[in-house]
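> Per this note's numbering, the very first residue in the sequence shown carries number 4; after that it's consecutive. Just so it is clear, CB atoms sit at the ideal spot from N, CA and C, and this is done for glycine as well. Could you have a look at this structure, given as structure tokens, before my questions?
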Amino acid sequence: MPPARPRILYVTDLAYQARGRRYCDEDIFLTSRLREDFDLALCHPRDAAALMDAFDAVVVRNSGPVLGHQDAYDEFRRRAIAQGTRVYNPLSGKADMAGKQYLLDLTVAGFPVIPTVDRSEDLHLLPECDRYVVKPKLGADSIGLRIVSDPVAEGVGGEPGGTVLIQPCVEFAYEVSFYFVDHDFQYALYAPHTDRRWQLEQYEPTDGDLEFARRFIEWNGIDHGIQRVDACRAPGGELLLVELEDLNPYLSLDALDDTGRDAFVAAMKASLHRFYLR
């Protein structure tokens, strides 16, 4: 009798509407290929906690911002951690998986990130600028993001506990994203036109670019899973971290050719097999 194939619960929201992207197409493609190696079922994030016990591992993919189902996600996390459920990506991530506090922590630690504070009284720690980006610590997908000229006058960052992040509005040359499976670099994409954020093209990173991206992957300490390092090319030519997505990063696989997509699928399959056997 052949050995049983690993059973995977693939968490996604096929109906989620994202600006400029079709999340559902990416997950339809990925699950069609993962079924070659795994017994697989799809479910909405609100059903994950109730269904996960019947599977060997849970893969969280394009499930939309957690804010849309915070109660269900909190219950899923609580039960998965208590039961030792294999969740891919592992729930130990320190980046977007846990909110955006890490941008403050990395700023204080001297990492190459867009300088970030969470209180208006700390604005003097930021470079002088005419505009500031304000976003919720628990935001995602640009929800709640706004640009202001005077955070103090607009009452931003004055509340106890610091529920928002304040950053200088950087006039960057372009945004670029580096995609990793486990700790292995897969590909990079960038938006050469700042007014067309999701019109992505393949990007050939330099050794310095990859050293920059790997620094954040190492910092996060996730051994298995998919991560995306989002950065911008600052006016001085250096890269600055915009976001480290370690929960359910959209992969923009439609920007790759067939060879690139096949290579990513092979890397993800190998990672999932290692994750199942750990």
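If you follow the alpha helix (DSSP H) that TYR105 is in, where does it begin and where does it stop?
Taking the sequence shown and counting its residues from 1, the one referred to as residue 105 is at position 102. Note, TYR105: alpha helix (DSSP H), 104 to 111.
> Count Cβ pairs between the region 58 to 70 and the region 235 to 252 that sit closer than 8 Å; are there 3 or more?
Enough Cβ pairs lie closer than 8 Å, so yes.
> Where do the ends of the alpha helix (DSSP H) carrying TYR182 lie?
The residue labelled residue 182 in the question sits at position 179 within the sequence shown. Counting along the chain, TYR182 falls outside any alpha helix (DSSP H), though it belongs to the beta strand (DSSP E) covering 178 to 184.
> Find out if the Cβ-Cβ distance for the pair SER123, PRO171 is shorter than 7 Å.
Sequence index remark: in the sequence shown, residue 123 carries index 120 (1-based). Sequence index remark: in the sequence shown, residue 171 carries index 168 (1-based). No. Outside cutoff.
> Are the beta-carbon atoms of ALA101 and VAL90 separated by less than 7 Å?
Here residue 101 corresponds to residue number 98 of the sequence shown, with the count starting at 1. Here residue 90 corresponds to residue number 87 of the sequence shown, with the count starting at 1. Not a contact, by the Cβ cut-off of 7 Å.
> Residues in its own chain within less than 6 Å of ILE169 by CB, not counting five upstream and five downstream?
As a working mapping, residue 169 is identified with position 166 in the sequence shown. VAL120, TYR135, VAL137, PRO154, GLY160, listed in sequence order.
> Note the first and the last residue of the continuous beta strand (DSSP E) segment covering ALA237.
Looking up residue 237 in the sequence shown gives position 234. Where ALA237 is concerned, there is no enclosing beta strand (DSSP E), given that its DSSP letter is neither H nor E.
> Examine the Cβ distances between the region 217 to 232 and the region 182 to 201 and report whether three or more of them are shorter than 8 Å.
A contact exists between the region 217 to 232 and the region 182 to 201.
> What are the boundary residues of the beta strand (DSSP E) that ARG10 is part of?
On the sequence shown, position 7 is the one that residue 10 refers to. Segment 10 to 14, the beta strand (DSSP E) holding ARG10.
> So, ILE11 versus ASN92, is the Cβ gap smaller than 7 Å?
In the sequence shown, residue 11 corresponds to position 8, counting from 1. In the sequence shown, residue 92 corresponds to position 89, counting from 1. For ILE11 and ASN92, no; Cβs fall outside 7 Å.
> If we call anything under 7 Å between Cβ atoms a contact, is CYS235 one with GLU174?
Residue numbering aside, residue 235 sits at position 232 when the sequence shown is read from its first letter. Residue numbering aside, residue 174 sits at position 171 when the sequence shown is read from its first letter. Cβ atoms of CYS235 and GLU174: not closer than 7 Å.
> Do the CB positions of GLY67 and TYR19 come within less than 7 Å of each other?
Locating residue 67 in the sequence shown gives position 64, where the first residue counts as 1. Locating residue 19 in the sequence shown gives position 16, where the first residue counts as 1. Result yes, Cβ atoms of GLY67 and TYR19 sit closer than 7 Å.
> So, under 8 Å CB-CB, PHE41 and LEU275 are touching, yes? Tell me the CB distance rounded to an integer number of Å.
Within the sequence shown, the letter at position 38 stands for residue 41. Within the sequence shown, the letter at position 272 stands for residue 275. Confirmed, about 7 Å.
> Can you give me the C-alpha to C-alpha distance between VAL151 and GLY113, rounded to a whole angstrom?
To locate residue 151, count along the sequence shown from 1; it is residue 148. To locate residue 113, count along the sequence shown from 1; it is residue 110. In a straight line, the C-alpha of VAL151 is about 25 Å away from that of GLY113.
> Let's test the definition: count the other Cβ atoms within 10 Å of the Cβ of LEU128 and tell me whether it reaches 16, buried, or not, exposed.
As a working mapping, residue 128 is identified with position 125 in the sequence shown. So LEU128 counts as exposed.
> Spell out a yes or no on whether the region 36 to 55 and the region 257 to 274 are touching, meaning 3 or more CB-CB pairs, one atom from each, closer than 8 Å.
A contact exists between the region 36 to 55 and the region 257 to 274.
> Checking 7 Å against the spacing of the C-beta atoms, do GLU2 and ALA44 come in under that value?
Residue 2 lies beyond the range of the chain shown here (4 to 281); nothing can be said about it.
> Count the other CB atoms within 10 Å of the CB of ILE284; is the residue buried (16 or more) or exposed (fewer)?
Limits of the chain in this structure are 4 at one end and 281 at the other, which puts residue 284 out of reach.
> Can you tell me which of ASP125, LEU109, HIS227, GLU204 puts its alpha carbon nearest to the alpha carbon of LEU280?
For the purposes of this step, residue 280 is taken as the residue at position 277 of the sequence shown. When each option's Cα is compared against that of LEU280, the closest is HIS227.
> Work out the CA separation of LYS103 and LEU141 for me, nearest whole Å.
Translated into positions along the sequence shown, residue 141 becomes position 138. Translated into positions along the sequence shown, residue 103 becomes position 100. Using only the alpha carbons, I get a separation of about 6 Å.
> Identify whether PHE114 lies in helix, strand or coil by the three-state DSSP scheme.
Along the sequence shown, one-based indexing puts residue 114 at 111. The answer is coil: DSSP assigns PHE114 none of H, G, I, E or B.
> Quick one: Cα of ASP233 to Cα of GLY240, how far?
Stepping through the sequence shown from its first residue, residue 233 is reached at position 230. Stepping through the sequence shown from its first residue, residue 240 is reached at position 237. Each residue's Cα considered, the two are about 16 Å apart.
> State the CB to CB distance for the pair LEU213 and ALA258, rounded to an integer number of angstroms; the pair is presumed to be in contact (CB under 8 Å).
Within the sequence shown, numbered from 1, the residue matching residue 213 stands at position 210. Within the sequence shown, numbered from 1, the residue matching residue 258 stands at position 255. 19 Å between Cβ atoms; not a contact.
> Skipping 5 residues on each side, what residues in its chain have a beta carbon closer than 8 Å to that of ASP30?
For the purposes of this step, residue 30 is taken as the residue at position 27 of the sequence shown. The residues are TYR13, THR15, LEU17, LEU45, ARG64, ASN65.
> Run the CB neighbour count on PRO48, radius 10 Å, all protein chains shown included, and call it buried at 16 or more, exposed below.
Your numbering for residue 48 matches position 45 in the sequence shown. By the neighbour-count rule (16 or more Cβ atoms within 10 Å), PRO48 is buried.
> Pick helix, strand or coil for VAL62, following the three-state DSSP scheme.
Against the sequence shown, residue 62 aligns to sequence position 59. In the structure shown, VAL62 sits in a strand (DSSP, three-state: E or B).
> Let me know if THR209 comes out buried or exposed under the rule of 16 or more other beta-carbons within 10 Å of its beta-carbon.
Numbered from 1 along the sequence shown, position 206 holds the residue referred to as residue 209. Per the 10 Å Cβ criterion, exposed.
> Could you name the residues of the same chain whose beta carbon sits closer than 6 Å to that of VAL69, not counting the 5 residues immediately before and after it, in chain order?
Mapped onto the sequence shown, residue 69 falls at position 66. Answer for VAL69: TYR76, listed in chain order.
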